[in-house]
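Beneath this line is the structure, given in structure tokens, with notes to follow.
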Amino acid sequence: MNPERRQFLGWGAAAAGAALAPGFSLIELARARSPQEAASKLQRWGLLIDITKCADCDACVTACHEENGVTGHGRPETDAQWIRKVSLRDKRTGYAQTLPLMCQHCEHPPCVDVCPTGASFKRDDGIVLVDKHTCIGCRYCVMACPYGARSFVHEAVSGQKADVPRGKGTVESCTLCVHRVDRGETPACVAACNRDGGKAMVFGDLNDASAEIHRRLRSAPSSQVRADLALNTGVRYQGL
Amino acid sequence: MMRIAAGIVAAVMAAAGFADSGGPRASRVAVPTVKIEKGEACVAPTAQMRRDHMKMLLHQRDGTMRQGLRETRFSLKNCIDCHASRETGSVLGKDGFCSSCHAYAAVSMDCFECHTPLRQSRAAGASR
Amino acid sequence: MASIQYREIEGRSGAYFALLAVLGALILAGLGAAWTMEHQGHHVTGMSNRIVWGTPHVFAVFLIVAASGALNVASIASVFGRELYKPLARLSALLAITLLAGGLAVLVLDLGRADRMIVAMTHYNFKSIFAWNIFLYTGFFAVVALYLWTMIERRMHGYSKRVGVLAFLWRLVLTTGTGSIFGFLVAREPLHSALLAPLFIIMSFSFGLAIFVLVLMAACRWTGRALGDVVLNRLRNLLGVFVATVLYFVAVHHLTNLYIARQHDVERFFLWEGGIYTALFWFGQVLIGGVLPLALLFGASSRRAFAAAAVCVIAGGLAQLYVLIIGGQAYPQLMFPGKEVSSSFFDGVVAAYAPSLLEVALGVGGVALALALTVVALKVLPFLPRSLADGELGGGTA
């Protein structure tokens, strides 16, 4: 092979590699994570909720608490709530809406900043969790959360779901059903809304241009609750 | 002074003679009953499990919690699945696999404040 | 400089042991309350998912803030060279340690997982001001203990100014950290403000000195030590200045908020429509904690008036922290401007809270612990000068 041809082939290979390389990372995103793999920064899980479709039901709340073993004790002030329906009524116009509110899985979570032991943390793929092994129950994160998303477990817990450990004296909140997400499923609230509710919720990878959530966010306006705090939440709302 | 010291040493050695040198004897704490009811072998050799199970649990839990590593062989659920008692379905309680040894050794364990000690039945579906 | 003679208190009278017995009973009650809270879970208290920091935290923060301020008298002596205060320096440092111990005890016993203290001491998130506070508080014990050593051990006297400066700077950082716990909370309208750190510093001056004065008066009275007017008048003026400064900071905080349209709802809540919080603000914090002490300190000259003023400052301080901490949580978080909000999680409404007996017992137990440690320490080591009569105080221009 003469030098010119060798050089041409070399440049050609380099150009082909440069053209194909982005495709490899897309393939990585499209493939579901296997159990032996760690959560990756390439993904950012998010939720999109279209309030105009949010009916008066609370299928999401029931499904979440059923899936995660969050039981009440008849004490509404101290019972944990991982998700709740919030009713809004415009003070001037009287226009009424409802929306489900849960941990917003911020990119810059105030709860993570204030936790003294680092128990409140953000996983690489954007899910904000509480490491119950390290939580000392100081409740500083509950003070710090702008959305009131965190609950403190005020009594002993028994009959926990195997995938969702919960215990007295620690703080907890919506985990975006991380045990389901890691298996390639959607959170329980989204599944319930699509099955029994107004089909208002979409779950997906905010970094994946081909995901439905990405398309919906690109094609219609959406907002964050307390956007002024610049937390870049993973949960977005349409119709607010 | 020397006499007092000698007396103390003698008393300690006499008491030591009554100490347990191994083998069965009557005691107030039940000797652990380890009933392996399932499976041919654990995920690691028995000697290693006896020595290092706590280290393995700690390491695994941080991997699962912080990085989302969910290798099912090493998950707590899998341990409980094999080791839970046939009758009670739990690793706690009388003759419970975990509680039996821990009660004997007087080592408290924190795990089951939050984790369920019950084996999940296969028919239940989603959880594995 | 005439050398001051210090002596331990005798501590053998029936009254001494009766005092210890009462304090011991209160400590036991506090421990019992903590055990109940830990065993049953916090649902037995008045705290809830909306009000997660309740009466124990009011007491704990008060004790911690006062601890830092109690060191003031010693700092004025060592750092600023005012000889007149030198005889009081040891008691000042002792109170700093014991008050902090009492406050931290309450805080730790209220944790949901107090059994995880080892975890708290080995896992740190250094972005959290709480994590920094753990170092600041434990370091404070060490620094003040060192400071006491330089004051009590004759051969170390030469170092007491340097260590005094270290202790002074340390407590400024510590109190800034305590105020910042609340000031950094972007989620809480009534709290997030840079003003909270300096407000806590000046509160520490005020509360710490009030407690110091009461302990000094009681200790001298009950052990038959002379306490001259020269010292007391200086302390009287000092306390008056501190109380006035606290009022100034509170006024600036609220006036600024009143100027900002977005903060009007918060101000209306605290100043007018907040029920118990409004009452505690005006009657507790401003009247009893501010105006009344000023009248007693500058309008009257008797010791009784001084002691009454100190008691008022303490009561007002507790009211101020109640309004700040609990009122700050009771006020709803504004997530949807311009909308009326309601939900099953008590969004959009002022959260209800009533202190439970368990919480009060825990808080009071912490106070009792601080006092008991002081009472015992006074018997064990020479913290009090034999006399503080006017003629006996060395150097110092009046």
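Chains as they are written, first to last, in this note's numbering: chain P, 2 to 241; chain U, 22 to 149; chain S, 18 to 415. Virtual Cβ for every residue (Gly too), placed ideally from N, Cα, C. All of these numbers come straight from a predicted model, not from anything done at the bench.
When U/I25, U/I101 and U/A32 are compared against U/K58, the one with the closest alpha-carbon: Residue identity check: residue 58 of chain U is Glu in the sequence provided, not Lys. Measuring from the Cα of U/E58, the nearest candidate turns out to be U/I101.
Determine, using beta-carbon pairs with one atom in the segment 262-271 of chain S and one in the segment 49-59 of chain S, whether at least three such pairs fall under 8 Å. no
Just the C-alpha distance for U/S148 and P/S152, rounded to the nearest angstrom, thanks. With a pLDDT of 41 at U/S148, under the threshold of 50, the modelled position of that residue is not reliable, and no figure is offered here.
Answer with yes or no whether the minimum CB distance from U/G89 to chain P is below 7 Å. yes
Strand pairing of P/W46, partner residues [DSSP]: P/D206
Can you pull the DSSP bridge partners for P/E173? P/S152
Nearest residue (CA-CA) to S/G120, options S/G380, S/G181 and S/V392: S/G380
Shorter than 7 Å from the beta carbon of P/H155 to some beta carbon of chain S? yes
Determine whether the Cβ of S/F143 lies closer than 7 Å to any Cβ atom of chain P. no
Coarse secondary structure for U/Q88, derived from DSSP in three states: helix
Beta-carbon within less than 6 Å of S/L40's beta-carbon, same chain only, minus the 5 sequence neighbours each way: which residues are those? A385, L388 and A389
Examine chain U for any beta-carbon lying closer than 7 Å to the beta-carbon of P/H98, and answer yes or no. The sequence as given places Gln at residue 98 of chain P; His does not occur at that position. Cβ-Cβ to chain U under 7 Å: no for P/Q98.
To which residues of the same chain is S/L351 closer than 8 Å at the C-beta, ignoring the five residues directly before and after it? E206 and D282
S/E290 classed as buried or exposed, judged by whether at least 16 other C-beta atoms fall within 10 angstroms: exposed
Who are the Cβ neighbours of P/A64 in its own chain at under 6 Å, not counting the five residues just before and after it? A189, C190 and A193
Nearest-angstrom Cα separation, counted from S/G257 out to S/A87: 15 Å
Chain U partners of P/G168, CB-CB under 7 Å? E134 and C135
Would you identify the three-state DSSP class for S/L202, choosing helix, strand or coil? coil
Assuming S/K356 is part of the beta strand (DSSP E), what are its boundary residues? K356 to S360
Please list, in chain order, the chain U residues whose beta carbon lies closer than 9 Å to that of P/G160. T137 and L139
Would you say P/D229 lies against chain S (beta-carbon separation less than 7 Å)? no
Hey, S/F217 and S/T240: beta-carbon distance below 7 Å or not? no
Mark S/G98 as exposed unless 16 or more other C-beta atoms lie within 10 angstroms of its C-beta, in which case mark it buried. exposed
Candidates P/V236, P/V172, P/P147 and P/D164, of which the one nearest P/A157 by Cα: P/V172
Tell me whether P/A97 sits in a helix, a strand or coil according to DSSP, three-state version. strand
Can you list the residues of chain P that S/H281 reaches, using a CB-CB cut of under 7 Å? Per Cβ cutoff of 7 Å: no residues; S/H281 is ~14 Å from chain P at best.
Give the DSSP bridge partners of S/K144, in chain order. S/K144 pairs with nothing; no bridge assigned.
Using a Cβ-Cβ cut-off of 6 Å (strictly less than) and excluding sequence neighbours within five positions of S/I305, which residues of its own chain qualify? C329, A332 and G333
Using beta carbons (cut-off 7 Å, strictly below), is P/G73 in contact with chain S? no
Spell out whether any CB of chain U is found under 7 Å from the CB atom of P/Q239. no
Given a limit of 8 Å on CB to CB distance, which residues of the segment 112-134 of chain P reach chain U? F122, R124, D125, D126, L130, D132, K133 and H134
Cβ of S/G245 within 7 Å of Cβ of S/L395? no
Considering only the beta carbon of each residue, do U/C135 and P/G168 sit closer than 7 Å? yes
Determine, for S/F152, whether the minimum Cβ-Cβ distance to residues of chain P falls below 7 Å. no
Taking only beta-carbon atoms, is P/D209 less than 7 Å away from chain U? no
Which class does P/K133 belong to by DSSP, given the choice of helix, strand or coil? coil
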